[in-house]
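Written below as structure tokens is the structure these notes are about.
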Amino acid sequence: MPHKSMDVSYWINTFKSIGIGTTGGFIAYKLNMPLPWLLGALFLNFFFSFSKIKLEFSKKLLNPIFLIMELFLEELLMQHYSIKLTFGSIHLLQWFYLLL
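Counting in my numbering, the sequence shown runs from 76 upward without gaps.
Take a look at the structure:
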């Protein structure tokens, strides 16, 4: 039996999730929500998860995306709230996931 990541429908469902997230980010941007790229994508994917549309997301893409989101949020905290964060355990855990 082939690995799940080799299945075409798996990748189609992954790209559906990306498209829904992109649309949600655009809608949130037009509504002037804070962090539209994050909140819009989360809200719209959340609502679609209750529909009959099958959504999946590749674990190979998920870990690097978590790392990038963490870096953006850390930069946001440092700029707007003058919070100084160090290269702590969360970064090391994210890099460890990438190496697996």
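We treat Cβ as the ideally placed atom computed from N, Cα and C, and that holds for glycine.
{"Item": "Where L119 falls, given that 16 or more other Cβ within 10 Å makes a residue buried", "Value": "buried"}
{"Item": "Backbone CA spacing between L133 and L117 [nearest angstrom]", "Value": "One detail in the question is off: residue 133 reads as Ser in this sequence, not Leu. The straight-line gap from Cα to Cα measures roughly 16 Å."}
{"Item": "DSSP state of S84 mapped onto helix, strand, coil", "Value": "helix"}
{"Item": "Candidates W112, K129, G96, F101, of which the one nearest N88 by Cα", "Value": "K129"}
{"Item": "Element boundaries [alpha helix (DSSP H), containing P111]", "Value": "111 to 124"}
{"Item": "CB of E131 within 8 Å of CB of S92, strictly", "Value": "yes"}
{"Item": "Assigned exposure category for I95 - 16 Cβ within 10 Å defines buried", "Value": "buried"}
{"Item": "DSSP-derived helix/strand/coil call for N138", "Value": "helix"}
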